[in-house]
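Undergrad: If you scroll down you'll find the structure; I have some questions about it.
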Amino acid sequence: MAGIIQDESALDTKRGFTGGFEMETISLGLPFTAAFLNPGAWGSDYTALLDQYANMAGLWIVGEDMPQAGNAVTLHETEKDQFGLPVPNVHYDDHANDLAMRSYAYKRGAAVYDAVGAIKTIEVPPYPSTHNLGTCRQSEKPGDGVCNKWGQTHDIKNLFISDGSQFTTSASENPTLTIVTLAIRQAEYVRDQCGKRNI
28 MAGIIQDESA LDTKRGFTGG FEMETISLGL PFTAAFLNPG AWGSDYTALL DQYANMAGLW
88 IVGEDMPQAG NAVTLHETEK DQFGLPVPNV HYDDHANDLA MRSYAYKRGA AVYDAVGAIK
148 TIEVPPYPST HNLGTCRQSE KPGDGVCNKW GQTHDIKNLF ISDGSQFTTS ASENPTLTIV
208 TLAIRQAEYV RDQCGKRNI
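Per the numbering used here, the sequence shown starts with residue 28, numbered consecutively.
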């Protein structure tokens, strides 16, 4: 990443949505550009865009998606993998807040490139799946989530969740450092609990 713009990451509901986002300038590889510029596209208009690849710059818009009970990873009822096991089925619907944030963010991203003399900006479809979060979220009560504040599952004492699925929501940041921080904190807790023979 060449740079991150955090001017829009603060909470300001006057913009028409809650939460915030940041803009991250990114290096575009040609395969990445071809895959995400217009997924499934074909024909002369699409190839004309790809012909301009050497003159393109990329910008991620990283924002907080609102958690929704209907968004989930479940097991498919009929489709099986090569081992006969049900394949995962990812279901995701945009929240109205997500759509309002995205619309605003596209305009702010375009303004950044307009300010440096861009002759054209292209709104690409949202990236299909960057960081799936919240499928095993932390909660104080078992009825509200899967694990406690240490990532320890409510039902099985020696089973810990150590990835982004323990998040209760996403954020306007890449989650990697938060995942690492939680894992380090969790490891210290596991060591302490093992020393006390609680797990």
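Heads up, the beta-carbon is just placed ideally off N, CA and C, and yes, glycines get one too.
What are the start and end residues of the beta strand (DSSP E) that includes I149?
TA: By one-based count along the sequence shown, residue 149 stands at place 122. Note, I149: premise wrong, no beta strand (DSSP E); not H, not E.
Undergrad: Tell me whether I88 is buried or exposed, calling it buried when 16 or more other Cβ atoms sit within 10 Å of its Cβ.
TA: Within the sequence shown, the letter at position 61 stands for residue 88. By the neighbour-count rule (16 or more Cβ atoms within 10 Å), I88 is buried.
Undergrad: Measure from the alpha carbon of D121 to the alpha carbon of each residue in V143, Y154, S71, R218, then state which is nearest.
TA: Here residue 121 corresponds to residue number 94 of the sequence shown, with the count starting at 1. Among V143, Y154, S71, R218, the Cα nearest to that of D121 is on Y154.
Undergrad: Would you identify the three-state DSSP class for Q179, choosing helix, strand or coil?
TA: Stepping through the sequence shown from its first residue, residue 179 is reached at position 152. If DSSP states are grouped into helix, strand and coil, Q179 belongs with the strands.
Undergrad: Within the continuous alpha helix (DSSP H) that includes V139, where are the two ends?
TA: Start at 1 with the first residue of the sequence shown, and residue 139 comes out as number 112. Residues 123–142.
Undergrad: Quick one: grab the DSSP three-state call for D168.
TA: For the purposes of this step, residue 168 is taken as the residue at position 141 of the sequence shown. Looking at the sequence itself, residue 168 is Lys, so the reference to Asp does not match. Coil, per DSSP.
Undergrad: Taking 9 Å as the cut-off, decide whether the C-beta atoms of E91 and M50 are in contact.
TA: For the purposes of this step, residue 91 is taken as the residue at position 64 of the sequence shown. For the purposes of this step, residue 50 is taken as the residue at position 23 of the sequence shown. No, Cβ-Cβ distance for E91 and M50 is not below 9 Å.
Undergrad: With contact counted as at least three CB pairs below 8 Å, one residue from each stretch, are the segment 129–143 and the segment 31–42 in contact?
TA: Contact between the segment 129–143 and the segment 31–42 is present, because at least three Cβ pairs lie under 8 Å.
Undergrad: Since E104 is in the alpha helix (DSSP H), which residue starts that stretch and which ends it?
TA: Numbered from 1 along the sequence shown, position 77 holds the residue referred to as residue 104. Taken as a continuous stretch (DSSP letters only), E104 belongs to no alpha helix (DSSP H), being part of the beta strand (DSSP E) at 99–107.
Undergrad: Taking a contact to mean a Cβ-Cβ separation below 9 Å, would you say S192 touches N159 in this structure?
TA: Start at 1 with the first residue of the sequence shown, and residue 192 comes out as number 165. Start at 1 with the first residue of the sequence shown, and residue 159 comes out as number 132. Taking 9 Å as the Cβ cut-off, S192 and N159 qualify as a contacting pair.
Undergrad: Please confirm if the segment 208–224 is in contact with the segment 177–186, defined as three or more CB-CB distances below 8 Å between the two stretches.
TA: Flag = yes, the segment 208–224 and the segment 177–186 touch.
Undergrad: By DSSP's criteria, P115 is part of a beta bridge. Which residues make up the other side?
TA: As a first step, residue 115 is located in the sequence shown; it is residue number 88 there, counting from the start. In the DSSP output, where bridge partners are listed per residue, P115 has L102.
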